[in-house]
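Top to bottom, those sequences are chains A and B.
My numbering puts the first residue of the first sequence at 634, with every later residue one more than the last.
My numbering puts the first residue of the second sequence at 634, with every later residue one more than the last.
To keep things clear, I will list the structure first and then write my remarks on it.
There are 2 protein chains.
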Amino acid sequence: MVTIYDIAKKANVSPMTVSRVINNSPSISEKTRKKVEDIIQELDYIPNKQARSLISKETKLVSLVISDISNPFFTNIARGAEDKALQAGYQLLLGNSDEQTVKESRYIDLLLSTKVDGVLIAPTGDPSLANLRKLAKRRVPFVFVDRYVEGIAADLVMGDNAETTRKLVAHLVEKGHRKIALINGPSTASNARERLLAFTDALTLNGLDLIPELLIETHFLQDNFSEIVRTLMSLSPSGRPTAILAANNFIGVNTLRALREMNLQVPDEIAVACFDDPEPIPDYNPFLTVAAQPAYDMGYIGMQMLIERIEGTAPATNRKVVLPSQLIVRKSTQRS
Amino acid sequence: MVTIYDIAKKANVSPMTVSRVINNSPSISEKTRKKVEDIIQELDYIPNKQARSLISKETKLVSLVISDISNPFFTNIARGAEDKALQAGYQLLLGNSDEQTVKESRYIDLLLSTKVDGVLIAPTGDPSLANLRKLAKRRVPFVFVDRYVEGIAADLVMGDNAETTRKLVAHLVEKGHRKIALINGPSTASNARERLLAFTDALTLNGLDLIPELLIETHFLQDNFSEIVRTLMSLSPSGRPTAILAANNFIGVNTLRALREMNLQVPDEIAVACFDDPEPIPDYNPFLTVAAQPAYDMGYIGMQMLIERIEGTAPATNRKVVLPSQLIVRKSTQRS
DNA sequence: CTGTTAGCGCTTTCAT
DNA sequence: ATGAAAGCGCTAACAG
């Protein structure tokens, strides 16, 4: 391996001079700089970040901790985050938690040892608090994306859950639905809590009754959706929902699948809408009505805030960026 | 920051003893081990990987360099790669090349400086050779996924392009098509080359003429697909294709979009099929007929081979793993 | 403008 | 079973 010592020897200067050239120090004569740079070229020298980090205490590594990169919502967050990171000279470490706090915890331990400069995280839910405290204790800056955790402060970029829920409910009501079921994420997740709250508000606002049987709490990633949907549709004809609102794209798609298994026609027999677009390439074969959140922007803005925190250019108070979603009405709520 | 010196002092042992405890060295008395471990717990000590890497020459960092994480094909590769990496104690750095060799090159330079232990890469095409040589020169192991580059050897995991192409063409022929257009990727990419070769073979095999106007070479990511499709469909009625085969999901979806702009009905006026599924969650609203490659497995197996190379447990000769694809016939090729 | 010294946190090598 | 010394590749702090 070529080190600054090899360069120094060949150039008849001290290693420190080589270090200065690498770091574009101004106090280097043009002549020496040229000489050293030529030899760097010749020997194809690349600085060793490990050694540099040991002194500088920065690694130029950041991490994105999300539920599952396979979900187009998180995919786009990742793409936005990577773009911003690279642009600022940071590299992105990817971690999937699969909504499991334990997996998230193991990953955070790794990050702590790797000494990443910061973490952009969509926490699994309130139990993530312990994991985030670990970061805080070691003074590793982190920023929330999509969800936050009570009891620990950080910059936050998320969708406007209240407004988005209102829009979705309003759309369904406008289509004539008066019995709308909500298949929600776990109440330990801030976005699920906010969506539930907004949902009940929206019902009231539209003069609809709140029917407890139609409020389902489940998980964003793993559950027996067939059974959940079957139970909903087995309610007495007068109590059965005519529309289902799913709290994320994964639930939405699985609801669709469950209904297909039951041979129920969407949208004729039941309407379905959800948060987040399951389409990675939007608008190619639209079916599901969705409220699409600007995932790419969330990742990009979140990473931007994180880097500002890392580099100390962020304001002292924590920022909260709330991004609007876009209602995209498609076939799944358009009765023929 | 807590270091082994802090632990050592508090435990009345030498830093070396602490190091031995951390690394599970057998030559430590149970008593000392317990004492040290307790203090590690108490002070919440986490080993510094940077310092360790400086000596051990390994970072437990690997990188995945792909075209674009937003493409579900690559998303699934990433997920497979991350699962395997984490399982083996490695962390994954993500890099998007956007099919640009220059961007890929910049990223490789970063990786070289970060001293990753290995790289799993879907090279942009033959011009990537210089980038790969940089890795080889520094003895950074790499493995090809999806595509390879002539002139440099490495383990490889890819789809069976020949067989997949044959299946797709056979399906279209069976549906009665005799004029099939191929909208292919750039000939600098190995998969595009193999697909073109297999395509012309398949035509011959099925007794169809090879019509040069129906063989389009474009890019996997950026191009004016509207114009390409428009040109194809503007051919004389006798020369116009009745089916289009797209060389990846992105081209497939954009072809669909272009046809919609032109108010041409798929599949009634023209059939479309493509390589790779654009659906992240398969089978939720099937439309496009595709040959789905096992992307998750590609990522997983590729990472596995990479780790074996890194750890020296791989065989001396380079391995080539060719995975079969699955033809999924959907509406876009089923005339009503 | 350039060089010397010391040390980042850890492990290898040799002692004891 | 444990420790002392040296050094991985680099840079901060000082000196000249």
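Quick reminder that beta carbons are idealized off the backbone N, C-alpha and C, glycines included.
Asked, Found
"Partners in chain B for Ser-746(A), counting only beta-carbon separations shorter than 7 Å", "Ile-679, Pro-680, Lys-682"
"C-alpha distance - Ser-859(B) paired with Thr-888(B), whole-angstrom precision", "7 Å"
"Chain-ordered chain A contacts of Gln-724(B) [CB-CB under 7 Å]", "Leu-726, Leu-743, Thr-747"
"Contact belief for Ala-981(A) with Ile-816(A) at Cβ below 8 Å, rounded distance in angstroms", "The question about residue 981(A) has no answer here: the residues shown for chain A are numbered 634 through 969."
"Outcome for Ala-786(B) when other beta-carbon atoms lying within 10 angstroms are tallied against a minimum of 16", "exposed"
"Runs of alpha helix (DSSP H) lying entirely within the region 844 to 900 of chain A, each at least 4 residues, in chain order", "858 to 866, 882 to 894"
"Per-residue contacts from Ala-711(A) into chain B (C-beta, under 8 Å)", "Ile-702, Leu-727"
"Runs of alpha helix (DSSP H) wholly within the region 914 to 951 of chain A (minimum 4 residues, chain order)", "928 to 943"
"Distance, Phe-775(A) Cα to Val-752(A) Cα", "5 Å"
"Contact with chain A by Pro-913(B), beta-carbon distance below 8 Å", "yes"
"From Leu-847(B), Gln-683(B), Leu-841(B), Ser-689(B), residue whose alpha carbon lies closest to that of Ser-689(A)", "Gln-683(B)"
"Test: Glu-715(A) CB closer than 8 Å to a CB of chain B", "yes"
"Cβ pair Ser-965(B), Val-905(B) closer than 8 Å", "yes"
"Cutoff 6 Å; reference His-810(B); Cβ partners in own chain excluding five residues on either side", "Thr-875, Ala-876"
"Neighbourhood of Gln-967(B) by C-beta distance below 7 Å, restricted to the same chain and skipping five residues each side", "Pro-900"
"Thr-708(B) at chain A interface by Cβ criterion, 8 Å", "yes"
"Alpha-carbon to alpha-carbon, Val-955(A) and Leu-841(B)", "57 Å"
"Where Met-634(A) falls, given that 16 or more other Cβ within 10 Å makes a residue buried", "exposed"
"DSSP-derived helix/strand/coil call for Asn-817(A)", "strand"
"Reduced DSSP category for Met-634(B) - H, G, I as helix; E, B as strand; rest coil", "coil"
"Spatially closest choice to Asn-951(B) from Gln-674(B), Asp-779(B), Val-790(B), by CA coordinates", "Val-790(B)"
"Where Lys-664(A) falls, given that 16 or more other Cβ within 10 Å makes a residue buried", "exposed"
"Ile-884(B) versus Ala-928(B): straight-line alpha-carbon distance, rounded", "17 Å"
"8 Å Cβ cutoff met for Ile-940(B) and Tyr-723(B)", "yes"
"Test item: CB-CB of Glu-670(A) and Asn-729(B) under 8 Å", "no"
"Partners in chain B for Pro-705(A), counting only beta-carbon separations shorter than 9 Å", "Ser-703, Pro-705, Thr-708, Pro-913, Ile-914"
"Cβ neighbours of Phe-777(A) in the same chain (closer than 6 Å, five flanking residues each side left out)", "Ala-787, Leu-789"
"Chain A within 8 Å of Ser-686(B), Cβ atoms only", "yes"
"Cβ contact (3+ pairs, closer than 8 Å) linking the region 705 to 714 of chain A and the region 700 to 713 of chain B", "yes"
"Separation of Lys-808(A) from Arg-826(B), as counted between CA atoms", "51 Å"
"Spatially closest choice to Asp-793(B) from Thr-837(B), Ser-869(B), Glu-783(B), Asn-824(B), by CA coordinates", "Asn-824(B)"
"Cβ pair count under 8 Å reaching 3, the region 761 to 768 of chain A against the region 935 to 949 of chain A", "no"
"Separation of Val-749(A) from Asn-656(A), as counted between CA atoms", "21 Å"
"Own chain residues within Cβ distance below 8 Å of His-804(B), not counting five before or after", "Ala-906, Thr-922, Leu-960, Val-962, Thr-966"
"Helix, strand or coil at Asn-729(A) according to DSSP, with G and I counted as helix", "strand"
"Beta carbon of Ser-746(A) nearer than 8 Å to that of Ile-661(B)", "no"
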